[in-house]
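Residue numbers (the numbering used here): 5 to 314.
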């Protein structure tokens, strides 16, 4: 899971035409091991000029997994993660990962991981890993949704906008996102609903033999950018709303079954509550055949200027 050679720089350049956005992301997930429980990884460039939370979360999952035993009954894949985003990350420094081995049982391994920059934590996460085992089985039923091929892509929206931020997204986005009922990038639309459906898939073909650890880490990367959108949709806020301030506070994921981010995944999202400048977003994730593969929850800070006088 760690790279054979360390990252070439603290901050990766924009993707080359040869590697593409997905290859660029996979390069950022190749961590350098600096000790038995220590790793370091580069940061990816962002529009906001701060480290994208999904990147740190995905890297932390891989760092922790690289300390989990693979002997005995077989490899252990992550089945749950609970993390707190503590501070904004800087693009000027690499991210270091310190893993604490809390428990290794016959079936489960538990890890605590801190992501740090200049010895200051920016993420604290506990994750659990399990051997693949038989057991009772049931899952949620996927909601009805149009086929992903019939839904416009967010990349089409970005390609039509003559703005540096849109052009940056076209060049760097490793995942294709298709919102059922329209996206929130330019306009919030007329509907006020706390629910949202969207399709997500890796933008290009994944390397053969990619582990479940990587597939699940890539899902963590992808979901961070959309988890709070049901909060925005409920209150008629778009990503272009003037003065919008949004940041992830905590994040939880449960992987129920094997995930393939190279295939379309349906996110059935909702926002149960928003209050005090915080909003909660949840999502059930389904494979295209309707299999329930994951469940997610995230609380974030959501503020607009008119809230200050409330």
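Note that the Cβ used here is the ideal one computed from N, Cα and C, for glycine as well. Keep in mind the model is a prediction, meaning the values are calculated, not measured.
Please report the straight-line C-alpha distance between residue i and residue j, rounded to a whole angstrom.
i, j, result
"residue 38", "residue 188", "41 angstroms"
"residue 312", "residue 73", "50 angstroms"
"residue 269", "residue 233", "17 angstroms"
"residue 119", "residue 159", "31 angstroms"
"residue 219", "residue 192", "31 angstroms"
"residue 274", "residue 100", "33 angstroms"
"residue 307", "residue 227", "20 angstroms"
"residue 51", "residue 229", "13 angstroms"
"residue 134", "residue 247", "43 angstroms"
"residue 5", "residue 146", "Per-residue confidence for residue 5 stands at a pLDDT of 38, beneath the threshold of 50, marking its modelled position as unreliable; the derived number appears in the next sentence. Cα to Cα, the separation comes out at about 32 angstroms."
"residue 242", "residue 108", "45 angstroms"
"residue 244", "residue 170", "12 angstroms"
"residue 111", "residue 196", "45 angstroms"
"residue 81", "residue 215", "9 angstroms"
"residue 34", "residue 267", "22 angstroms"
"residue 258", "residue 299", "5 angstroms"
"residue 48", "residue 213", "24 angstroms"
"residue 23", "residue 176", "11 angstroms"
"residue 168", "residue 56", "18 angstroms"
"residue 138", "residue 295", "17 angstroms"
"residue 256", "residue 154", "31 angstroms"
"residue 136", "residue 18", "37 angstroms"
"residue 235", "residue 16", "32 angstroms"
"residue 309", "residue 129", "31 angstroms"
"residue 141", "residue 36", "38 angstroms"
"residue 1", "residue 131", "Here the chain covers residues 5 to 314 and nothing more, so residue 1 does not appear."
"residue 62", "residue 198", "27 angstroms"
"residue 276", "residue 286", "8 angstroms"
"residue 305", "residue 190", "20 angstroms"
"residue 251", "residue 148", "31 angstroms"
"residue 113", "residue 103", "12 angstroms"
"residue 210", "residue 293", "20 angstroms"
Grab the span of the beta strand (DSSP E) containing residue i for me, first residue to last.
i, result
"residue 88", "80-89"
"residue 285", "282-291"
"residue 303", "296-307"
"residue 184", "179-184"
"residue 202", "199-206"
Would you mind reading off the limits of the alpha helix (DSSP H) that contains residue i?
i, result
"residue 133", "No alpha helix (DSSP H) contains residue 133, which is instead part of the beta strand (DSSP E) from 124-135."
"residue 40", "First-last for residue 40: undefined, no H or E at that position."
"residue 65", "57-69"
"residue 237", "233-238"
"residue 49", "Element bounds for residue 49: n/a, residue is neither H nor E."
"residue 222", "216-227"
"residue 159", "158-163"
Just to confirm, is the Cβ distance from residue i to residue j under 7 angstroms?
i, j, result
"residue 265", "residue 222", "yes"
"residue 272", "residue 201", "yes"
"residue 126", "residue 90", "yes"
"residue 41", "residue 71", "yes"
"residue 172", "residue 207", "no"
"residue 68", "residue 105", "no"
"residue 282", "residue 303", "yes"
"residue 93", "residue 225", "no"
"residue 217", "residue 263", "no"
"residue 46", "residue 14", "yes"
"residue 144", "residue 182", "no"
"residue 315", "residue 150", "Residue 315 falls outside the range modelled here, since the chain spans only 5 to 314, and no answer is possible."
"residue 60", "residue 98", "no"
"residue 64", "residue 117", "yes"
Could you tell me which residues DSSP pairs with residue i in its beta bridges?
i, result
"residue 247", "Paired residues: none, contrary to the question."
"residue 102", "42 and 118"
"residue 20", "Beta-bridge pairing links residue 20 to no other residue."
"residue 279", "282"
"residue 269", "204 and 291"
"residue 319", "Nothing can be reported for residue 319, as the shown portion of the chain is limited to 5 through 314."
"residue 274", "199 and 286"
"residue 256", "86 and 301"
"residue 113", "108 and 133"
"residue 15", "47"
With a threshold of 7 angstroms between beta carbons, is residue i in contact with chain B?
i, result
"residue 74", "This model lacks chain B altogether, as it is built from one protein chain only."
Assess contact between the segment 23-43 and the segment 85-94, defined as three or more Cβ pairs (one per stretch) separated by less than 8 angstroms. Is contact present?
no
Inter-stretch contact at 8 angstroms, needing at least 3 Cβ pairs: the segment 112-126 / the segment 160-167
no
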